[in-house]
């Protein structure tokens, strides 16, 4: 398995809803990432998990809550989002958190907040 | 933190011509520089990368050069084809923190 799988592919949620994005990889990668990408913009780093520990939190609002239950799974819990949070949320993984290796991206979850 | 600048923001070439995209980075501790291609509605895909101890790397029609002293690196695509049309992002990695350039929309005209 050489893929990063993200579910759901599309999500529409109201501002009072609670939802979760899921990401899974079985490549034995030890680092996993959440990126947010707005249309025509580069991916913006949100969170980094390195060896299942949160190592970077890029001042993301608390309405986004990451979770790494094990080395293969990464979740992003969403609560009380705003319309401006609508974006493509990309999960990625890499084998070596610091040695420099290609990130493998998932196909993303396209989130719309109404 | 790291700041990556990428130029040009758009690039249009004729099929068969070469395309060059340039990036600069600010943090001398960055040691890994990948390039990603993102087609409309799809995920970013790694096309080539280079580590800080290497000056140049080539893979068929794609090459990347790195000048550590000047803190800039470039993507070179030769014999461009219409299927090369996409947005290309450079990135720089320091530790476990990877930052992307703003992207270049490449259009290859048949």
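Chains as they are written, first to last, in our numbering: chain Z, -11 to 102; chain F, 413 to 522. Cβ coordinates follow ideal geometry from the N, Cα and C atoms, glycine included. Fair warning: this is a prediction, and the values are worked out from it, not measured in the lab.
Is there a Cβ of chain F sitting closer than 8 Å to that of residue i, yes or no?
{"i": "residue 52 (chain Z)", "result": "no"}
{"i": "residue 86 (chain Z)", "result": "yes"}
{"i": "residue 105 (chain Z)", "result": "Not covered by the structure: residue 105 (chain Z). The range shown for chain Z is -11 to 102."}
{"i": "residue 33 (chain Z)", "result": "yes"}
Between the alpha carbons of residue i and residue j, how many angstroms are there, rounded?
{"i": "residue 15 (chain Z)", "j": "residue -3 (chain Z)", "result": "21 Å"}
{"i": "residue 96 (chain Z)", "j": "residue 75 (chain Z)", "result": "10 Å"}
{"i": "residue 94 (chain Z)", "j": "residue 39 (chain Z)", "result": "19 Å"}
{"i": "residue 494 (chain F)", "j": "residue 419 (chain F)", "result": "20 Å"}
{"i": "residue 22 (chain Z)", "j": "residue 7 (chain Z)", "result": "16 Å"}
{"i": "residue 462 (chain F)", "j": "residue 476 (chain F)", "result": "7 Å"}
{"i": "residue 466 (chain F)", "j": "residue 5 (chain Z)", "result": "49 Å"}
{"i": "residue 460 (chain F)", "j": "residue 435 (chain F)", "result": "14 Å"}
{"i": "residue 488 (chain F)", "j": "residue 499 (chain F)", "result": "14 Å"}
{"i": "residue 31 (chain Z)", "j": "residue 510 (chain F)", "result": "10 Å"}
{"i": "residue 58 (chain Z)", "j": "residue 429 (chain F)", "result": "47 Å"}
Which residue comes first and which comes last in the beta strand (DSSP E) that contains residue i?
{"i": "residue 36 (chain Z)", "result": "32 to 38"}
{"i": "residue 66 (chain Z)", "result": "61 to 67"}
{"i": "residue 57 (chain Z)", "result": "52 to 58"}
{"i": "residue 101 (chain Z)", "result": "97 to 101"}
{"i": "residue 25 (chain Z)", "result": "19 to 25"}
At a Cβ threshold of 8 Å, is residue i touching chain Z?
{"i": "residue 509 (chain F)", "result": "yes"}
{"i": "residue 458 (chain F)", "result": "yes"}
{"i": "residue 512 (chain F)", "result": "yes"}
{"i": "residue 525 (chain F)", "result": "The structure shown has nothing for residue 525 (chain F), since chain F only spans 413 to 522."}
{"i": "residue 473 (chain F)", "result": "no"}
Which chain F residues sit within Cβ distance under 7 Å of residue i?
{"i": "residue 48 (chain Z)", "result": "Simply none; closest approach about 14 Å."}
{"i": "residue 90 (chain Z)", "result": "446, 458 and 461"}
{"i": "residue 94 (chain Z)", "result": "455"}
Would you mind telling me which residues of chain Z sit closer than 7 Å to residue i, beta carbon to beta carbon, in chain order?
{"i": "residue 501 (chain F)", "result": "30"}
Name, please, each residue of chain F whose Cβ falls closer than 8 Å to the Cβ of residue i.
{"i": "residue 78 (chain Z)", "result": "455 and 456"}
- Would you mind listing the beta strand (DSSP E) stretches within the region 434 to 518 of chain F that are 3+ residues and don't spill past its ends, in chain order? 444 to 450, 457 to 463, 468 to 471, 474 to 479, 484 to 489, 498 to 506 and 509 to 512
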